[in-house]
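Let me begin by presenting the structure, written as structure tokens, before commenting on it.
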Amino acid sequence: MFPQRYTRLPVHWVYDQEKLAAEVSKHPTPEFLPEGICPYYKLPTGKNSAYGDHLYVLLKSVVESKGFDVGAYKAGLKAMFGPGSAYDYQRPSGQAEGPYIHGYMKKYLANIAQDKEDTGDTGSTDTDGVINSAVIVALYGGDPQMTSKLEEAVKVVQNTPICIKYALTGAKLLEGLIMNGPNPNAVGDLKGLVDNDVAQEISKAEEMKVHPHNVAAKRLGYACSLPGGFLSMLHCLLNAKPGKFTESIRPTLLAGGDNCSRAAMLGAILGAQMGLEGLPMDLLAKVERGQEVKALAEQLVAMRQS
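Using the UniProt record's numbering, the final residue of the sequence shown is 306, and nothing's skipped along the way.
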């Protein structure tokens with residue numbers, strides 16, 4: 001789970017690839033620029049984005065509840081993002097000095113404030129369900145409950161067919177790696193596990209494999225929405241270097257756009273491929289809650305094995 005600590009980046013949401021390349025060329029590690037260049041929000045380098053905070057809430061609630069509990073999950077989201085939280089402030093029109101709350105989360109908070117039973121945003125197309133699927137797969141992978149648990153978790157904040165479909169697609173990819181070990185043909189094999197429409201989308205990423213990642217990401221989609229964000233992540237996975245976590249994930253960062261979500265998805269998959277020994281452990285000391293997330297991930301794995 002903690003490979004997904006790439007959920008806060010100082011180079012997040014920069015869509016001008018030339019500007020991004022010029023800025024990161026000044027530093028050896030684009031993950032840890034001393035000053036963030038995201039045009040929408042500014043946080044100290046190492047702090048989590050909303051993706052990271054959301055993932056943390058789900059992980060913590062699952063561990064503390066000894067399984068997915070929708071009530072505990074909802075309570076955690078309200079505490080993290082709701083009234084009185086760090087996200088509860090009036091945003092300026094330009095770059096904010098503080099965290100950025102996503103549109104679907106605003107909708108979720110509005111729905112729970114109105115005591116609605118169905119709390120998910122019915123218009124969301126964002127990638128967050130794919131990111132958060134890692135927690136559910138880590139515990140329920142190989143268990144018939146996995147699909148229903150994941151659907152329930154996604155619908156809490158994103159109640160749309162596309163979000164559910166791609167969360168399940170990402171879950172099947174990750175489940176195969178957890179259950180069967182590293183697989184250089186994981187992307188191709190995934191097409192046999194999904195419907196024809198999704199398989200055709202995956203083929204687009206495969207067809208772009210020979211192109212540089214920044215070119216492919218811009219063509220496949222490098223904003224927040226599905227299926228583009230998922231396909232661009234797959235393109236980076238197709239060109240990953242065996243045993244090289246940082247070198248494999250960095251092209252995602254340098255492609256710009258919503259690289260934060262794509263890096264989070266890719267981090268979980270690379271972690272499953274490479275195992276604990278393949279991860280850059282020095283990263284944990286540089287990111288918010290690094291050691292806590294590692295401990296929670298270890299507890300989650302222990303729950304699965306018990």
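Where a beta carbon is used, it is the ideal one built from N, C-alpha and C, also for glycine.
Practice item. Note down the Cα distance separating residue 248 from residue 238, rounded to an integer number of angstroms. Key: Distance between the alpha carbons of residue 248 and residue 238: 10 Å.
* **Through-space distance from residue 304 to residue 153, alpha-carbon basis** => Going by the C-alpha atoms only, they are around 18 Å apart.
Q.
Using a Cβ-Cβ cutoff of less than 6 Å, which residues in the same chain neighbour residue 256 once the five nearest sequence positions on both sides are dropped?
A. Same-chain partners within the cutoff: 14, 15, 17 and 20.
- request: Report the option in 240, 276 and 254 whose CA atom is closest to the CA atom of residue 37.
  value: When only C-alpha atoms are compared, the closest one is 254.
Exercise for the section: Use the C-beta contact count for residue 124: other C-beta atoms within 10 angstroms, 16 or more gives buried, fewer gives exposed. Expected result: If you draw a 10 Å sphere on the C-beta of residue 124, you find 16 or more other C-beta atoms in it, and that means buried.
Open item on the list: As a quick exercise: from 162, 171, 128 and 161, pick the residue whose alpha carbon is nearest that of residue 149.
Closed with: Of the listed residues, the one whose Cα sits closest to residue 149 is 171.
ask   = Where residue 136 and residue 196 are concerned, what is the direct C-alpha to C-alpha distance, given to the nearest angstrom?
value = Pairing residue 136 with residue 196, the inter-Cα distance amounts to about 25 Å.
Can you give me the C-alpha to C-alpha distance between residue 289 and residue 262, rounded to a whole angstrom? For residue 289 and residue 262, the distance between alpha carbons rounds to 20 Å.
Check: For residue 300 and chain D, any beta-carbon pair shorter than 8 Å?
Finding: Included in the structure is just one protein chain, with no chain D present.
Inset, instruction - Give the DSSP bridge partners of residue 42, in chain order. - result: Under DSSP, residue 42 shares a beta bridge with 97 and 98.
At the level of alpha carbons, what is the spacing between residue 226 and residue 205? So the alpha carbons of these two residues sit roughly 13 Å apart.
Cut-off 8 Å between Cβ atoms - residues of its own chain near residue 301, not counting five sequence neighbours on either side:
Excluding positions up to five away in sequence, the list reads 138.
* Asked: Taking just the CA atoms, how far does residue 299 sit from residue 250?
  -> Across the structure, residue 250 and residue 299 are spaced so that their CA atoms are roughly 28 Å apart.
Backbone CA spacing between residue 54 and residue 100 [nearest angstrom]: Rounded to the nearest angstrom, the two C-alpha atoms are 12 Å apart.
Give me the Cα-Cα distance between residue 181 and residue 88, rounded to the nearest whole angstrom. Each residue's Cα considered, the two are about 42 Å apart.
Report task. For residue 224, I'd like the list of residues in its chain whose CB is within less than 6 Å of its CB, leaving aside the five on either flank, ordered along the chain. Result -> These residues qualify, in order along the chain: 126 and 258.
(request) Starting from residue 189, trace the alpha helix (DSSP H) both ways and give me its first and last residue. (result) Unbroken alpha helix (DSSP H) run through residue 189: 186-190.
Check your understanding: When burial is assigned at 16 or more other CB atoms within 10 Å of the CB, is residue 216 buried or exposed?
Key -> Taking every protein chain shown into account, the CB of residue 216 has 16 or more other CB atoms within 10 angstroms, so this residue is buried.
Under 8 Å, do residue 264 and residue 131 count as touching if we go by C-beta distance?
A contact, by the Cβ cut-off of 8 Å.
Notebook entry, point to check: To which residues does DSSP link residue 257 through a beta bridge?
Noted result: The partner list for residue 257 (beta bridge, DSSP) reads 14.
Residue of 111, 60, 228 and 174 minimising C-alpha distance to residue 200: Distance from the Cα of residue 200 is smallest, within the candidate group 111, 60, 228 and 174, for 228.
Just to confirm my understanding: we take residue 41, look at its own chain, exclude 5 residues before and 5 after, and list those with CB closer than 7 Å. What are they? Answer for residue 41: 95, 96, 98, 99 and 100, listed in chain order.
*Tell me, which residues are paired with residue 158 by DSSP?*
Paired residue(s): 121.
Exercise for the section: Would you mind sorting residue 275 into buried or exposed? The rule is 16 or more other CB atoms within 10 Å of its CB. Expected result: By the neighbour-count rule (16 or more Cβ atoms within 10 Å), residue 275 is not buried but exposed.
* **Where residue 57 falls, given that 16 or more other Cβ within 10 Å makes a residue buried** => Residue environment analysis places residue 57 among the buried positions, since at least 16 neighbouring C-beta atoms fall within 10 angstroms of its C-beta.
- Query: What's the gap between the Cα of residue 157 and the Cα of residue 103?
  - Reply: Residue 103 has its alpha-carbon roughly 10 Å from the corresponding atom of residue 157.
>> By the DSSP assignment, the alpha helix (DSSP H) with residue 80 in it spans what residues?
In response: Per DSSP, residue 80 belongs to the alpha helix (DSSP H) from 70-81.
DSSP bridge partner residues for residue 225 (one or two, in chain order): Looking at the DSSP assignment, residue 225 forms a beta bridge with 126.
Can you tell me which of the three DSSP states residue 86 falls into? In the structure shown, residue 86 sits in coil (DSSP, three-state: anything other than H, G, I, E or B).
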